[in-house]
Amino acid sequence: MYQINSTEPRSPYELSGIRILVVEDNPINTFALGAYLKRWGCVFDVASNGLEALQKLDSSFDLVLMDIHMPEMDGLEATRLLRLRGEILPIIALTADCTLDVQLDLYEGGFSAVQYKPIQPKNLLDLILHLRSHHPIGTLGIPDEIRPEQPAARLYLGGGATPAQARF
1 MYQINSTEPR SPYELSGIRI LVVEDNPINT FALGAYLKRW GCVFDVASNG LEALQKLDSS
61 FDLVLMDIHM PEMDGLEATR LLRLRGEILP IIALTADCTL DVQLDLYEGG FSAVQYKPIQ
121 PKNLLDLILH LRSHHPIGTL GIPDEIRPEQ PAARLYLGGG ATPAQARF
């Protein structure tokens with residue numbers, strides 16, 4: 001289990017100009033994510049389901065924030081298709097479901113990291129900055145820390161304790 005527990009100050013301006021695709025069907029969540037991304041200087045576009053995301057990703061983006069449960073095509077199916085067509089950009093899963101089965105599905109489906117809902121702005125910022133600092137945006141695939149021979153391994157970058165750890 002890998003976590004970000006950085007005490008060093010992070011500047012949101014480090015994200016200035018990064019192009020992010022937000023794939024989210026809930027308008028309230030989309031509005032909140034958009035407000036954070038604007039504050040951090042990101043350029044972003046929105047898709048309301050996986051099908052729209054596949055179409056919009058013909059354009060140039062540096063990172064994707066992908067909801068899991070959406071109509072028409074969910075985030076897991078969209079991510080699998082993106083990986084099959086060779087997309088290597090970081091894709092962060094956005095989900096409130098923190099069960100082990102879902103975490104395994106997300107890892108096996110090609111997500112780079114998971115951000116649990118409700119989204120905490122500092123955690124999301126730390127996660128994006130971490131991905132940017134460890135892998136140049138636009139060249140990140142599956143994190144090196146997660147190897148196929150370790151199927152239970154997972155990159156948890158939501159900040160703080162995992163949901164399971166928080167219960168103890």
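UniProt numbering puts the first residue of the sequence shown at 1, with every later residue one more than the last.
All residues carry an ideal CB built from backbone N, CA and C; glycine is no exception.
Note that the coordinates shown come from a computational prediction; the quantities given were computed from them, not determined experimentally.
With a threshold of 6 angstroms on Cβ separation, who are the neighbours of F44 within its own chain once the five nearest residues in sequence on each side are excluded?
I20, V22, L37
CB-CB under 6 angstroms to A47, same chain, minus the five flanking residues each way: which ones, in chain order?
If the five residues before and after A47 are omitted, its C-beta is found closer than 6 angstroms to the C-beta atoms of V23, A53, K56, all from its own chain and listed in chain order.
Comparing alpha-carbon positions, which option in Y107, D67, G50 lies nearest L81?
Cα-wise, what sits closest to L81 is G50.
Contact set for G110: own chain, Cβ-Cβ below 8 angstroms, skip 5 residues either direction:
T79, R80, L82, R83, I91, I142
Coil, strand or helix - A113 by DSSP
strand
Tell whether a beta-carbon distance below 8 angstroms holds between W40 and L125.
The answer is yes: Cβ separation under 8 angstroms.
Taking all protein chains shown into account, do 16 or more other C-beta atoms lie within 10 angstroms of the C-beta of D101, making it buried, or fewer, making it exposed?
D101 comes out exposed.
For D45, name the three-state secondary structure that DSSP assigns.
strand
Give the single residue among E72, C42, L104, M70 whose Cα lies nearest to the Cα of F61.
Considering only alpha carbons, the answer is C42.
Per DSSP, which residues does R19 bridge with? Please list them.
V43
Using a Cβ-Cβ distance cut-off of 8 angstroms, determine whether E77 contacts chain D.
Within the model displayed, chain D is absent; a lone protein chain is all it includes.
By alpha-carbon positions, which one of G86, A93, E87, E14 ends up nearest to P118?
The shortest C-alpha separation from P118 is found at A93.
Per DSSP, which residues does M66 bridge with? Please list them.
V23, A93
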